[in-house]
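S.K.: In this note's numbering, the protein residues as written are 25 to 384.
Built from N, CA and C at the ideal position, the CB exists for glycine as well.
Given the structure is predicted, the values throughout are model-derived calculations rather than measurements.
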Amino acid sequence: MADEQFAAAQTALKEYRDIEQQMGTAEVAVNPDAMRKLGRRHAELGIIVSAYERYQQIHDDLEAAKEMAGEDAEFADEAQRLEAELPEAQEKLRSALIPRDPDDARDTIMQIKAGTGGDEAALFAGDLLRMYTRYAEKRGWSTTIQSENSTELGGVKDVQMAIRARGNPAPADGVWASLKYEGGVHRVQRIPVTESQGRIQTSAAGVIVFPEADDDDDEIEIDPKDLKIDIFMSSGPGGQSVNTTYSAVRMTHVPTGIVVSMQDEKSQIQNRAAALRVLKSRLLAMKHEQEAAEAADMRHSQVRSLDRSERIRTYNFPENRIVDHRTNYKAYNLDQVLDGDIQAVIDSDIQADEATRLAS
């Protein structure tokens, strides 16, 4: 049996098996919300359990091979091989035991806003919307536009969409696990379509991301008395009305001042339910940010303003170059990145984050 230095892994294994028993009960089988919560935790613990069982197997096989080495030279060779494999298995287990962001397996709400640069900024915001939509398609995730304020030139002033995975992904494969690094100011350098002199212009768009709360999430309670709800007509490009019914909803959470507008659902009731879900997600993100700040572990990744000094990434069209300013990642495949091939950029952020957590 492996030594006792990984008590946390043994605790995780016990919880993992307990969850498996719960998921097999009739009460959970008929309760989708309970099954989803247990499935999310099961996937999270599965990474630790897999690493622990691998380490345990190598450790136990090594002990057995050492005992037999005096009687058979083949066991001596086997012991030598296993001894070389053990440190890597230990390190993988230690990495698996590093506390993850508890929201990693959650789905995500993303908001993209045009910043400085007028029409060109709105066109770039539209490019970012397409980039993230294409990336989600490549990952097998679904996207749902929840609200959109577009321009007559085909740009986007402000858009919000939900990005969701299918089933219960492992935390490392969750939507939030990858897209949480996208929050910040994205800067573009290119010749605008409206520029007749061929001059390169710099503009920006802001991206805000936060984990989506579950409908039954009891971590956040919203008192209906704290809500101010306005009903209005949905609008399209240029602000013109797109229907004759008051179905769009603007929901204000008075204590925090958070405002959520929703107009893309078919009815006022649906827009109200969608707005409430987004508001709950915003409040959940705010709560977790406050907790992280108190623990002096807050990630400075969200948009504070659309000032260019807050930029996290630059997209340079003339040189076909993309640069992530947090990790110094640089590549000359901007055309592919804008078509959704952003995994390498995201991986640079994930690796930097993991290195920081390992060091601490």
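For ASP151, which three-state DSSP category applies?
M.R.: ASP151 falls in the helix class under three-state DSSP.
S.K.: On a CA-only basis, which of ILE282, ASP182 and GLU315 is nearest ARG306? Give me that one, please.
M.R.: It is ILE282.
S.K.: Tell me whether SER171 is buried or exposed, calling it buried when 16 or more other Cβ atoms sit within 10 Å of its Cβ.
M.R.: Classification for SER171: buried.
S.K.: Using CA coordinates, which residue listed in ILE43, MET47, LYS61 and TYR76 is at the minimum distance from ALA31?
M.R.: Here the closest residue by C-alpha is TYR76.
S.K.: Verify whether the separation of the beta carbon atoms of ALA186 and ILE133 is less than 8 Å.
M.R.: Against a cut-off of 8 Å, the Cβ pair of ILE133 and ALA186 comes out as a contact.
S.K.: What distance in whole Å lies between the Cβ atoms of VAL212 and TYR339, which are believed to be in contact at a cut-off of 8 Å?
M.R.: Correct: roughly 5 Å between the Cβ atoms.
S.K.: Span of the alpha helix (DSSP H) holding VAL347?
M.R.: No alpha helix (DSSP H) holds VAL347; the beta strand (DSSP E) holding it covers 345 to 348.
S.K.: I need the DSSP call for ILE122, collapsed to helix, strand or coil.
M.R.: ILE122: coil per DSSP, three-state reduction.
S.K.: How many Å lie between GLY142 and GLY164 at the Cα?
M.R.: When rounded, the distance between both Cα atoms is 33 Å.
S.K.: If you drop the 5 nearest sequence neighbours on each side, which residues of the same chain put their C-beta closer than 6 Å to that of LEU177?
M.R.: Result list for LEU177: ASP143, in chain order.
S.K.: When you compare only the Cα positions, how much space is there between ASP11 and ARG335?
M.R.: Residue 11 cannot be examined here, being either before or after the span of the chain that is shown, 25 to 384.
S.K.: Once the 5 residues before and after GLU102 are set aside, which same chain residues still bring their CB inside 7 Å of it?
M.R.: For GLU102, where only same-chain residues beyond five positions count, the Cβ hits under 7 Å are ALA89.
S.K.: With 16 as the cutoff for other CB atoms within 10 Å, does HIS324 come out buried or exposed?
M.R.: Unreliable positioning characterises HIS324 in this predicted model, as indicated by a pLDDT of 43, which lies under 50. A coordinate reading is not provided.
S.K.: Alpha carbon to alpha carbon, how far is ARG188 from GLN294? Give it in angstroms, no decimals.
M.R.: Approximately 18 Å between the Cα atoms of the pair.
S.K.: With distances taken from CA atoms, which of GLY70, LYS354 and ASN352 is nearest GLN413?
M.R.: Coverage of the chain is limited to positions 25 through 384, which leaves residue 413 absent and any answer about it impossible.
S.K.: Can you tell me where the alpha helix (DSSP H) with GLY63 in it begins and where it stops?
M.R.: Where GLY63 is concerned, the enclosing alpha helix (DSSP H) stretches over 56 to 92.
S.K.: Have a look at LEU62 and PRO235 and give me their C-alpha separation to the nearest angstrom.
M.R.: Using only the alpha carbons, I get a separation of about 18 Å.
S.K.: So what does DSSP say about ILE224, is it helix, strand or coil?
M.R.: In the structure shown, ILE224 sits in coil (DSSP, three-state: anything other than H, G, I, E or B).
S.K.: Suppose you measure from the CA of LYS249 to the CA of LYS290; what does that come to, to the nearest Å?
M.R.: Going by the C-alpha atoms only, they are around 26 Å apart.
S.K.: Could you work out which residue in LEU110, ARG65 and SER74 is closest to LEU86 when comparing CA atoms only?
M.R.: The shortest C-alpha separation from LEU86 is found at LEU110.
S.K.: How should ARG328 be labelled, buried or exposed, when 16 other C-beta atoms within 10 angstroms of its C-beta is the threshold for buried?
M.R.: The predicted position of ARG328 is uncertain, since its pLDDT is 40 and thus under 50; a value taken from the coordinates is nonetheless stated next. Result: exposed.
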